[in-house]
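2 protein chains.
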Amino acid sequence: MQRQGYEGTGIKLIAREAKATLGSVYHFFPGGKKELALTAIAFSEKEFGELLSASLAQESSPGAAMEACARALADYLAADGWADGCPVTATALETLGDDDMREACGRAFAHWRGIVADALVKGGVGKADAAELAYTVIAALEGAELTAQVARGPEALHVAGKHLARLLGTYA
Amino acid sequence: MQRQGYEGTGIKLIAREAKATLGSVYHFFPGGKKELALTAIAFSEKEFGELLSASLAQESSPGAAMEACARALADYLAADGWADGCPVTATALETLGDDDMREACGRAFAHWRGIVADALVKGGVGKADAAELAYTVIAALEGAELTAQVARGPEALHVAGKHLARLLGTYA
DNA sequence: GTCTATACCCCGATAGAC
DNA sequence: GTCTATCGGGGTATAGAC
Chain A
543 MQRQGYEGTG
553 IKLIAREAKA
563 TLGSVYHFFP
573 GGKKELALTA
583 IAFSEKEFGE
593 LLSASLAQES
603 SPGAAMEACA
613 RALADYLAAD
623 GWADGCPVTA
633 TALETLGDDD
643 MREACGRAFA
653 HWRGIVADAL
663 VKGGVGKADA
673 AELAYTVIAA
683 LEGAELTAQV
693 ARGPEALHVA
703 GKHLARLLGT
713 YA
Chain B
543 MQRQGYEGTG
553 IKLIAREAKA
563 TLGSVYHFFP
573 GGKKELALTA
583 IAFSEKEFGE
593 LLSASLAQES
603 SPGAAMEACA
613 RALADYLAAD
623 GWADGCPVTA
633 TALETLGDDD
643 MREACGRAFA
653 HWRGIVADAL
663 VKGGVGKADA
673 AELAYTVIAA
683 LEGAELTAQV
693 ARGPEALHVA
703 GKHLARLLGT
713 YA
């Protein structure tokens with residue numbers, strides 16, 4: 543799904559790729575394609591949340607952490623030829639009409655923003671400013687990842703990291 | 543396509559919505575769905591380019607122009623219940639495997655970045671910095687638009703405009 | 001639990017009458 | 001140019017043997 547989106551990815555294809563049979567897939571995901579997608583979104587929410595937390599814990603400032611995150615994303619995307627992106631972004635725009643899917647994507651974004659906002663508050667930024675900055679940090683990373691995939695190059699992510707660090711620097 | 547993405551939008555549905563018959567659609571778009579999508583992307587490239595240019599011409603600074611753009615996007619999205627977003631973003635992630643589609647989306651993004659970069663240079667920013675800032679401006683607007691659609695609220699776009707103005711202000 | 005076969009539907013695309 | 005009918009294929013989901 544992170545490669546072709548929600549509608550473009552068939553369950554038969556997923557089963558083949560996972561070396562499972564179609565019957566097994568429906569045995570473990572009785573809710574069908576939608577349940578599979580919701581599971582994938584929840585998994586991605588956790589996975590990228592951990593990258594965010596790890597970067598924020600390792601680096602000396604939130605700004606430096608966002609630069610590190612952007613670089614990590616660029617390296618990850620480059621490794622498979624810029625094909626596998628963020629499954630939340632990829633599915634979100636196709637499923638805006640489905641409340642369950644839209645809310646799951648919204649929860650993932652909100653979770654990531656919460657991690658960033660908490661780190662900013664710990665770094666001395668006011669609560670209201672931190673919440674606002676978290677919106678822009680996550681949105682810019684998502685947009686830059688999309689741009690990097692379309693261009694098949696890391697530049698958009700690298701400059702996004704740099705500019706986010708600069709922006710956060712004006713608040714500390 | 544800006545509502546459900548590329549794969550989720552059938553040609554039959556498009557024909558019905560346009561009060562045309564399937565035969566007419568294929569008469570005017572012999573290349574089928576792909577040609578239709580490429581036409582839609584080119585149209586969107588022009589349309590949003592004009593919004594960018596108009597904002598940059600009217601406002602007193604590039605930063606103020608980006609705030610105006612973000613507000614205009616939020617108003618546009620709110621008008622139809624946050625359903626119709628950017629067709630380039632919506633199709634890009636589904637069609638990364640098709641070079642023609644990927645390059646068309648890349649051209650749209652590059653065109654928009656060029657408009658922003660030119661305005662920044664005219665405002666006194668160095669060429670290299672302007673090109674980099676344009677990446678972040680367009681990526682942040684795309685990401686914020688996606689976030690706003692998922693949340694069904696304008697906040698992500700409003701704060702993106704504010705932060706972009708602040709970021710650009712540190713370069714002028 | 002795992003598998004095959006299949007029901008049922010809608011997809012993109014085309015053919016050919018008018 | 002406009003329309004209807006249809007083709008071939010793939011989609012999701014289910015039934016039922018093992």
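For the record, the sequence lines run as chains A and B. What the first sequence shows, in my numbering, is residues 543 to 714, in sequence order. What the second sequence shows, in my numbering, is residues 543 to 714, in sequence order. C-beta atoms are modelled at their ideal positions from N, C-alpha and C, and glycine is treated no differently.
For residue j and residue i, the rounded distance between their alpha carbons
| i | j | result |
| --- | --- | --- |
| Ala614 (chain B) | Ser586 (chain B) | 15 Å |
| Glu645 (chain B) | Ala690 (chain A) | 12 Å |
| Leu710 (chain B) | Gly574 (chain B) | 43 Å |
| Ala610 (chain B) | Glu601 (chain B) | 8 Å |
| Glu687 (chain B) | Leu564 (chain A) | 37 Å |
| Ala670 (chain A) | His705 (chain A) | 21 Å |
| Leu555 (chain B) | Asp640 (chain B) | 23 Å |
| Pro629 (chain B) | Ala672 (chain B) | 26 Å |
| Met608 (chain B) | Thr551 (chain A) | 36 Å |
| Leu578 (chain B) | Ala596 (chain A) | 44 Å |
| Cys647 (chain B) | Gln546 (chain A) | 15 Å |
| Glu636 (chain B) | Ala707 (chain B) | 31 Å |
| Trp624 (chain A) | Arg694 (chain A) | 6 Å |
Proximal chain B residues relative to residue i, where beta-carbon distance stays under 8 Å
| i | result |
| --- | --- |
| Phe651 (chain A) | Thr689, Val692, Ala693 |
| His569 (chain A) | Within 8 Å Cβ-Cβ: nothing; His569 (chain A) doesn't reach chain B, min ~26 Å. |
Own chain residues within Cβ distance below 6 Å of residue i, not counting five before or after
| i | result |
| --- | --- |
| Ala661 (chain A) | Leu598, Pro604 |
Close beta carbons around residue i, own chain, < 8 Å, minus the five adjacent residues each side
| i | result |
| --- | --- |
| Tyr677 (chain B) | Arg655 |
| Lys576 (chain B) | Asp640, Asp642, Met643 |
Amino acids of chain A, ordered along the chain, whose beta-carbon sits closer than 7 Å to that of residue i
| i | result |
| --- | --- |
| Glu684 (chain B) | Gly685, Leu688 |
| Val701 (chain B) | Glu674, Tyr677, Thr678 |
| Gly627 (chain B) | Leu635 |
| Leu709 (chain B) | His705, Arg708, Leu709 |
Rounded distance between the beta-carbons of residue j and residue i, thought under 8 Å
| i | j | result |
| --- | --- | --- |
| Val667 (chain B) | Tyr713 (chain B) | 5 Å |
| Gly703 (chain A) | Ala584 (chain A) | Rounded, the Cβ-Cβ distance is 26 Å, inconsistent with contact. |
| Glu684 (chain A) | Thr633 (chain A) | Incorrect: roughly 13 Å between the Cβ atoms, too far for contact. |
| Gly627 (chain A) | Leu638 (chain A) | 18 Å between Cβ atoms; not a contact. |
Cutoff 7 Å; reference residue i; Cβ partners in own chain excluding five residues on either side
| i | result |
| --- | --- |
| Gly591 (chain B) | His653, Trp654, Ile657 |
| Ala582 (chain A) | Met543, Pro629 |
| Asp617 (chain B) | none |
| Leu593 (chain B) | Cys611, Ala614 |
| Tyr548 (chain B) | Ala579, Thr633, Glu636, Thr637 |
The ligand GDP heavy atom lying under 8 Å from the CB of residue i
| i | result |
| --- | --- |
| Lys576 (chain A) | Only the bare structure without any ligand can be found here, which leaves the ligand GDP out of the picture. |
Residues that residue i contacts on chain A, provided the C-beta gap is smaller than 9 Å
| i | result |
| --- | --- |
| Gly648 (chain B) | Thr689, Val692, Ala693, Arg694 |
Can you give me, in chain order, the residues of the stretch 601–616 of chain A that have a beta carbon less than 9 Å from any beta carbon in chain B? none
Check each residue of the stretch 577–592 of chain A: if its Cβ is closer than 7 Å to any Cβ of chain B, include it; give the result in chain order. Of all residues in the stretch 577–592 of chain A, none has a Cβ within less than 7 Å of some Cβ in chain B.
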